[in-house]
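Sequence positions in the sequence shown follow mature numbering (1 follows the signal peptide of the UniProt record, and there is no 0) and run -30 to -1, 1 to 339.
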Amino acid sequence: MFGYNRFAPGRGGALVAAVSVLALAAPVQAGDDRPCWFDDPYGEHAEGAIGIASRYGAGDLAATSRHRAVQALAAVLDADPPESAPKEGERLSLGGTQVAVADTWTSGGYHYSYAYRHSDAAEARVEERCSPLTCRPQVCQPEWLCADADALDAASVVTVSQRAANQREQYRLLLDNALAQMQALFGVEVEAYSETLIQGGRDAAAAIPRLIDREQTQLEYAGSDEPPVLLLTDQCAVGDLIYARVALQGAEAPARPSGVPANWHEEVTIGERGIAVGRFSGYLSVDLLSSKIDRAVEHGLVQLAQEEGVEIEQEAVQIQDRRGGTFYAEATYAGTQEQLRAQLHGVRFTGTRGEPEVHVLIEQLDGGP
């Protein structure tokens, strides 16, 4: 988990989830040998959260990063956070769960701290150092880049964030993109999205570490009465892109259809009737990931039509609606209009710079809306 905070459920059981990217960040130094927890903060080795603070400014900013890490983990555990920053190596109880705080790691212009559920395995993990992970999405390295949405205990998506003005903005885009995919795949409804800037002093020396950006997003998931929790479980970088896997605790994902290979994004055709891979690359006038997913789904629908011997152009297919992972479209050809439905089973990305290519796996459904 990377700086996500959970608040009380809102109206109708909607979760108010938030991401706090806590400083104007510079990228992690590419050549750094770094703690292994940075690349998989919440996974099989350890379950924890990362806090970030600038290293430049007044006060003990390393302590600030530790406090933020513990606050984020407390949100996941639905526990009250401590009022003050813990020390390096300190153990404490959050809502009855024993947690610990790793030594702060400083790289570039930032302090990174890690709070985690205490266990022998986690203790061993936080002592390990790793070379930075380099994404190779075309060949599914690391393997989680091509993991199915149901690979974890919670439904998950692998998302990407393109280059931004700073690291704070890049992680904000990462969350935006993850939410867009969860809307498309799992039926998560984003009810509200707002940003509040909490500002302390503006003197030159203290401006950066005192700026806190907090985005609040209300989520509802129709498949569960429990409010879902967002977790960042894995991340890696290549070129100017960050790839990450984000899980939605409390949500379930449909399994990949039988007969579809794990590397389906590499296939021109799947070979299973009624299943196709759609693609989109490039820029749009409204450059949102949700719009690119729509274009890729439209491309996949064209492939399905061609299976039936219907030759239509992608421009003749328009997405009309999407609900709970089902896309509703209208196709116009030979002077007639036909209603189409398709289930979205997966979204993947390839690329190292600029705008990554979007790949979608869809399955044709009978009938219209």
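In this text, a Cβ means the ideal position worked out from N, Cα and C, and glycines have one as well.
From the DSSP output, read off the bridge partner residues of residue i.
{"i": "residue 291", "result": "298"}
{"i": "residue 61", "result": "70"}
{"i": "residue 81", "result": "23, 76"}
{"i": "residue 5", "result": "99"}
{"i": "residue 319", "result": "328"}
{"i": "residue 206", "result": "213"}
{"i": "residue 250", "result": "328"}
{"i": "residue 17", "result": "12"}
{"i": "residue 335", "result": "311"}
{"i": "residue 125", "result": "218"}
{"i": "residue 36", "result": "In DSSP, residue 36 forms no bridge with anything."}
{"i": "residue 273", "result": "Answer is none; residue 273 lacks a bridge partner."}
{"i": "residue 104", "result": "207"}
{"i": "residue 239", "result": "In DSSP, residue 239 forms no bridge with anything."}
{"i": "residue 245", "result": "333"}
{"i": "residue 111", "result": "106"}
{"i": "residue 87", "result": "69"}
Using 7 Å as the cut-off, classify the Cβ of residue i as near or not near the heavy atoms of the ligand NAD, replying yes or no.
{"i": "residue 335", "result": "The ligand content of the structure shown is nil, which means the ligand NAD is not present either."}
With 16 other CB atoms within 10 Å as the buried threshold, where does residue i fall?
{"i": "residue 262", "result": "buried"}
{"i": "residue 116", "result": "buried"}
{"i": "residue 203", "result": "buried"}
{"i": "residue 23", "result": "buried"}
{"i": "residue 34", "result": "buried"}
{"i": "residue 239", "result": "exposed"}
{"i": "residue 132", "result": "buried"}
{"i": "residue 206", "result": "buried"}
{"i": "residue 336", "result": "exposed"}
{"i": "residue 130", "result": "buried"}
{"i": "residue 328", "result": "buried"}
{"i": "residue 73", "result": "exposed"}
{"i": "residue 333", "result": "buried"}
{"i": "residue 10", "result": "buried"}
{"i": "residue 31", "result": "buried"}
{"i": "residue 140", "result": "buried"}
{"i": "residue 253", "result": "exposed"}
{"i": "residue 58", "result": "exposed"}
{"i": "residue 305", "result": "exposed"}
{"i": "residue 273", "result": "buried"}
{"i": "residue 293", "result": "exposed"}
{"i": "residue 331", "result": "buried"}
{"i": "residue 17", "result": "buried"}
{"i": "residue 226", "result": "buried"}
{"i": "residue 123", "result": "exposed"}
{"i": "residue 264", "result": "buried"}
{"i": "residue 95", "result": "buried"}
{"i": "residue 41", "result": "buried"}
{"i": "residue 278", "result": "exposed"}
{"i": "residue 61", "result": "exposed"}
{"i": "residue 135", "result": "exposed"}
{"i": "residue 221", "result": "buried"}
{"i": "residue 66", "result": "exposed"}
{"i": "residue 312", "result": "buried"}
{"i": "residue 91", "result": "exposed"}
Which residues in the same chain as residue i place their Cβ atom closer than 8 Å to its Cβ, once the five residues preceding and following it in sequence are excluded?
{"i": "residue 110", "result": "116, 232, 233"}
{"i": "residue 320", "result": "107, 108, 235, 326, 327, 329"}
{"i": "residue 300", "result": "287, 288, 290, 307, 308, 309, 310"}
{"i": "residue 223", "result": "118, 119, 120, 125, 126, 155, 156"}
{"i": "residue 147", "result": "129, 130, 131, 259"}
{"i": "residue 237", "result": "231, 247"}
{"i": "residue 268", "result": "248, 284, 287, 288, 289, 299"}
If I measure Cβ to Cβ from residue i and keep anything under 6 Å in the same chain, skipping five residues before and after, which residues do I get?
{"i": "residue 150", "result": "259, 260"}
{"i": "residue 44", "result": "51, 64"}
{"i": "residue 275", "result": "282"}
{"i": "residue 324", "result": "none"}
{"i": "residue 98", "result": "6"}
{"i": "residue 266", "result": "248, 249, 250, 328, 330"}
{"i": "residue 54", "result": "none"}
Beta-carbon of residue i versus every beta-carbon of chain B: anything under 8 Å?
{"i": "residue 53", "result": "Judged by its chain identifiers, the structure shown contains no chain B, having just a single protein chain."}
Within its chain, find whatever has a CB closer than 7 Å to the CB of residue i; leave out the 5 residues flanking it on each side and keep chain order.
{"i": "residue 152", "result": "127, 158, 218"}
{"i": "residue 105", "result": "115, 206, 207, 208, 213"}
{"i": "residue 229", "result": "242"}
{"i": "residue 303", "result": "280, 282, 286"}
{"i": "residue 322", "result": "208, 209, 211"}
{"i": "residue 13", "result": "203, 204"}
Are there three or more Cβ pairs, one per stretch, closer than 8 Å when the segment 26 to 41 is compared with the segment 78 to 97?
Because the criterion of three Cβ pairs below 8 Å is met, the segment 26 to 41 and the segment 78 to 97 touch.
Counting only runs that start and end within the segment 127 to 159, where is the alpha helix (DSSP H) found for 4 or more residues in a row?
The DSSP assignment places complete alpha helix (DSSP H) segments of no fewer than 4 residues inside the segment 127 to 159 at 137 to 156, in order along the chain.
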